[in-house]
Structure formats: structure tokens, C-alpha cells
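In full-length UniProt numbering, the protein residues as written are 1 to 257.
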Amino acid sequence: MEMALELVTIPCLSDNYAFLVHDVASGATALIDVPEAGPILAVLKEKGWTLDQIWLTHHHDDHIQGVPDMVVTTGAKVLGAKADAHRLPPLDLVVEPGQSFDFAGEPVEIIDVPGHTVGHIALYLPKSGYAFTADSLMAMGCGRLFEGTPAQMWDTMQRLSALPPETVICSGHEYTTGNARFAASLEPENPALILRVAAIAAAREKGQPTVPSLLSDELATNPFLRAHLPALKAAVGMEGASDVDVFAEIRTRKNNF
């Protein structure tokens, strides 16, 4: 059985995460998003790794502002969405949804995940089972709809929920405690949610990240993946409503929570 690429989660800024993936055999290393350079460079030095590529998910400053320093220091090539090239740092490689590229002998699939922004992409490595979703699907939540529509984000949630349930969801922020409180306000009797809220609290008590998370856990507890379920529709008093209207109501409630 092939070994998955090594995955390292790096806390940055006040509540962001960057991720490194590393192939032991070839030494190839890629970085997903660059909130700031310092913590990432420290991990690279500690591991003795050379950074080859930087993959960007979307244009928000807290995901790209460390790119110039990282490129100057490491010489890594920068990859991002063609549709967002005008508002990303200079790109060496452009990709579009539906495409894939090779990294260390593993395909990396580009998934269109609009909603938080309209040019947002996720990067999915099916052999290793990692999905870098940044601010689309998040641990216990989803990103605010700064540019996209509820219909776009609901389509994104469905697209990501169709990945294998064992997929490791690598999202962009430590928002899980607040997201869990909101989820519990909608489904207080959900057994999986009760257990997960306790596990999140225990992890944060020890200063441990709650990211990444398993898609199977998101499917069982994340209200933004559950808007099509009768129990969630009943919880918001919208039993006869469309899935996207229920999703929009949940997103509005979270904004005001």
C-alpha cells in the first residue's frame, strides 16, 4: 500500500492555518496558503524540507499575504486559479476547475468551490485522501458568503460532501468552537454532535488544533452539509422548503449568532 504524503498543520496569525504536504521518497514539498511566512519557514527549517510549490485557494489577504516573503526565501513556484490571477500574487502555474496536475506522483484535482469568494478552489489529493478546502467547507461550518450566493455555496457543499467520507478536510481557520456552539443550537439532541462538541472543547483546552477534520464527522455534525435533511429543516421551521433556502436560512442565522 502506498504511503500518504506527510501532512503538517501550521497555525498562523491569530486563527489561520497553512498546510505542508511532503513526499518522503522524493523530498517534494508543497504549501497550501500563506497567511504569514515566519511560522511556515520555521517548520521547513525544523523538518529540513525544501519548498517546491505554493498552492493558493483564494485571494483573501489572510491566505496570501505571506507569499512574497516565502517566494523570496524559498524560490517556490506559485499555483492558483486562472479566474483569480488578477487578484492573486504573481502565478507561475494557473489551473482551472476540472483540471488535475501531478505532485510527487499523485494527482491533485482542482474543485470549484464558490460561495465565500467566486474564484475559490479546493485541492483534492485522492490517493492521500486530503482535501484543502480553506474557507469553503470548514470544520463544523462554512465560510461567509462575501461574494457568492447561497445557491453557489450549497452546490459547493454538495460537491465536497460527495468525496469519500474518510477524506481529511483541511480548512483554513480555528473557528470550530464557535461553529460547534451554533450547530448545537440547531441540533441539541444529535448524538454525534454532542460527542464532537466535547472532543473540540477537550482539544482546545490542551491548545490543540481542531483542524483538519474527517468528512465523515462533518457529514454527521456540520449543519451546512445537512440542510437537505428533514431534521434540520424541522429545526429551523422550514419543513417544506427547498434545500438551498434552508441552507440560506442557516447561513443567515450563523451570521447573527
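Just so it is clear, CB atoms sit at the ideal spot from N, CA and C, and this is done for glycine as well.
Item                                                                                                                 : Value
8 angstroms Cβ cutoff met for residue 203 and residue 210                                                            : yes
Given residue 115 as reference, the closest of 92, 188, 157 and 97 once Cα atoms are compared                        : 157
Residue 218 burial status per 10 Å Cβ neighbour count (16 or more: buried)                                           : buried
Residue 30 in three-state terms, based on DSSP                                                                       : strand
Buried versus exposed call for residue 232 [16 or more other C-beta atoms within 10 Å across all chains shown]       : buried
Reduced DSSP secondary structure (H/G/I, E/B, other) of residue 116                                                  : coil
Residue closest to residue 42, alpha-carbon to alpha-carbon, out of 96, 15, 24 and 9                                 : 9
Burial state of residue 106 (16 or more Cβ within 10 Å)                                                              : buried
For residue 98, the three-state DSSP class (helix, strand or coil)                                                   : coil
Enclosing beta strand (DSSP E) for residue 154 [first to last residue]                                               : Careful: residue 154 lies outside any beta strand (DSSP E), inside the alpha helix (DSSP H) at 150 to 161.
Nearest-angstrom Cα separation, counted from residue 20 out to residue 74                                            : 14 angstroms
Residue 13 versus residue 155 - alpha carbon distance                                                                : 30 angstroms
CB-CB length for residue 52 against residue 77, believed under 8 angstroms                                           : 7 angstroms
Stretch-stretch touch, CB-based, cutoff 8 angstroms, three pairs: the stretch 119 to 136 with the stretch 236 to 254 : no
Proximity of residue 5 and residue 23 at Cβ, strictly below 8 angstroms                                              : yes
Where residue 255 falls, given that 16 or more other Cβ within 10 Å makes a residue buried                           : exposed
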